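149 is the number of the first residue of the sequence shown in this note's numbering; add one for each residue after it.
Every residue, glycine too, gets a C-beta built ideally from N, C-alpha and C.
Here the structure is a predicted model, which means the values were calculated and not measured.
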Amino acid sequence: MVRPQWIGMLLLCLVVAGVFAWLGQWQLGRAIDTDPPPPGATEQVRPLDEVAQPGQYLPEPLVGQRVETAGTWVPEDFLIVASRFNDGVGGYWVTGQLRLTEPEQPTSIAVALGWAATEDEAHAAIERLEAEASGSRSEPVEVTGRLISDEGPLPPPSGADPQTMTRMSPAALLGRWHDVEDVDVYRPYLASTAPFGGLTAIASPAPDESSNVNWLNIFYAAEWAVFAGFAFYLWYRLARDAWEKEVEDLEDAAAERDGEPRPTAS
């Protein structure tokens with residue numbers, strides 16, 4: 149082990165182990181949030197543009213954040229999302245495209261306007277909303293609600309109408325909206341606190357307070373520590389194998405000088 153080649157190998161293993169140790173320390177740094185959001189932070193209403201930007205994913209600490217914004221409803225873009233539960237009761241959401249008023253670049257966000265127990269009630273609400281959004285009666289509205297991440301689109305259930313949506317996905321809604329050329333769109337959606345169009349308010353309790361410790365990152369840090377230890381074990385194992393081979397060669401050479409064949413395992 150003190151021969152130059154094995155000392156050089158040890159130095160290489162030290163470099164590799166040092167890299168692994170740095171990666172483990174980096175994972176530990178990410179595992180513990182030293183600046184977690186204060187309790188109840190999601191319940192403080194903030195302007196939408198302070199919490200998220202169009203096209204960006206919503207960071208985990210901000211999921212469920214209450215925000216406020218203003219805009220006008222885009223006619224013909226009120227759509228129904230099925231399989232929505234309100235306090236444990238199945239029903240439907242009516243959604244709409246809210247064209248925001250403040251940004252210079254045309255910008256929209258998907259809004260869940262309210263809940264209906266039956267599909268007929270949802271269609272009746274859409275008729276009222278279309279009447280309000282069309283023509284000269286269209287006026288800016290203020291919307292306050294929770295900002296929630298895209299649920300991701302899913303194909304409709306077997307045998308259902310191909311146009312049926314069961315997930316609240318702005319990406320899926322965008323494919324069916326009108327007048328979206330050169331329009332920026334938010335990835336998350338807004339679940340309105342106050343219902344529109346005579347719908348029932350969506351039950352949206354405050355999100356659970358998340359822990360400031362990410363155990364998955366701690367697991368990764370432990371893995372890097374194991375890898376660093378393995379680098380030293382590999383050096384020891386290679387050196388020992390080389391030593392055992394040299395001892396074996398010396399024993400073979402000594403047996404040949406004595407003229408005695410070395411016994412072999414049967």
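Within the same chain, show all residues whose beta-carbon is closer than 8 Å to that of residue i, passing over the 5 residues directly before and after it, in chain order.
i	result
Arg178	Asn362 and Asn365
Leu338	Leu196, Val215, Thr217, Leu246, Ile257, Ala258, Val259, Ala260, Val291, Gly293, Arg294, Leu295 and Ile296
Ala320	Pro301 and Met313
Phe367	none
Arg194	Gln213, Arg214, Val215 and Glu216
What are the residues that DSSP puts in a beta bridge with residue i?
i	result
Val92	In the structure displayed, the chain extends from 149 to 414; residue 92 sits before or after that span and is not available.
Pro195	Glu216
Phe344	For Phe344, which the question treats as bridged, DSSP gives no partner whatsoever.
Asp225	According to DSSP, which records beta bridges pairwise, Asp225 is partnered with nothing at all.
Gly417	Absent from the structure is residue 417, since the part of the chain shown begins at 149 and ends at 414.
Met316	DSSP, once it has assigned bridges, lists no residue as partnering Met316.
Val331	Val331 pairs with nothing; no bridge assigned.
Ala339	Ala260 and Arg294
Arg232	Gly239
Can you tell which of the options has its C-alpha closest to the C-alpha of residue i?
i	options	result
Leu210	Ala342, Glu198 and Leu382	Glu198
Ile274	Arg315, Leu386 and Pro343	Pro343
Gly323	Thr292, Pro301, Asp309 and Thr341	Pro301
Glu216	Gly156, Asp406 and Gln192	Gln192
Leu246	Ala387, Pro318, Thr348 and Pro353	Pro318
Val167	Trp383, Met157 and Ala376	Ala376
Val237	Gly219, Leu321, Glu250 and Thr266	Thr266
Trp325	Gly156, Ser306, Leu227 and Ala390	Leu227
Pro202	Phe380, Tyr334, Ala401 and Val163	Tyr334
His271	Pro304, Leu347 and Glu394	Leu347
Val163	Ser282, Ala189, Gln311 and Phe380	Phe380
Leu160	Tyr384, Arg405, Glu399 and Glu394	Tyr384
Glu280	Asp309, Gly345, Pro310 and Pro303	Gly345
Measure the beta-carbon distance from residue i to residue j and round it to whole angstroms, keeping in mind my assumption that it falls under 8 Å.
i	j	result
Gly239	Asp225	That pair is no contact at about 21 Å.
Trp241	Trp263	6 Å
Glu278	Pro223	6 Å
Glu299	Arg315	4 Å
Gln204	Thr190	Rounded, the Cβ-Cβ distance is 18 Å, inconsistent with contact.
By Cβ distance below 7 Å, which residues in the same chain neighbour residue i in space, the five residues on each side in sequence not counted?
i	result
Gly297	It is Ser, not Gly, that sits at residue 297 in the sequence shown. Closer than 7 Å at the Cβ level, and outside the excluded window around Ser297, lie Leu206, Val211 and Pro336.
Arg388	none
Ala165	Ala376, Ala379 and Phe380
Once you ignore the five residues that flank residue i on each side, which residues in its own chain have a CB closer than 6 Å to its CB?
i	result
Thr341	Thr292 and Gly293
Ser352	Arg294 and Ala339
Thr249	Ala218, Gly219 and Pro288
Leu176	Ala369
Met149	Ala387
Ser282	Pro223
If we define contact as Cβ-Cβ less than 8 Å, is residue i a contact residue for chain B?
i	result
Thr292	Reference to chain B is not applicable here, since this structure consists of a single protein chain.
query: Are at least three pairs of beta-carbons, each pair with one atom in the segment 368-376 and one in the segment 161-171, less than 8 Å apart?
result: yes
query: Using 8 Å as the threshold, is the segment 288-295 in touch with the segment 226-238, meaning 3 or more CB pairs across them?
result: no
- prompt: If you pair each beta-carbon of the segment 310-329 with each one of the segment 251-269, do three or more pairs fall below 8 Å?
  reply: yes
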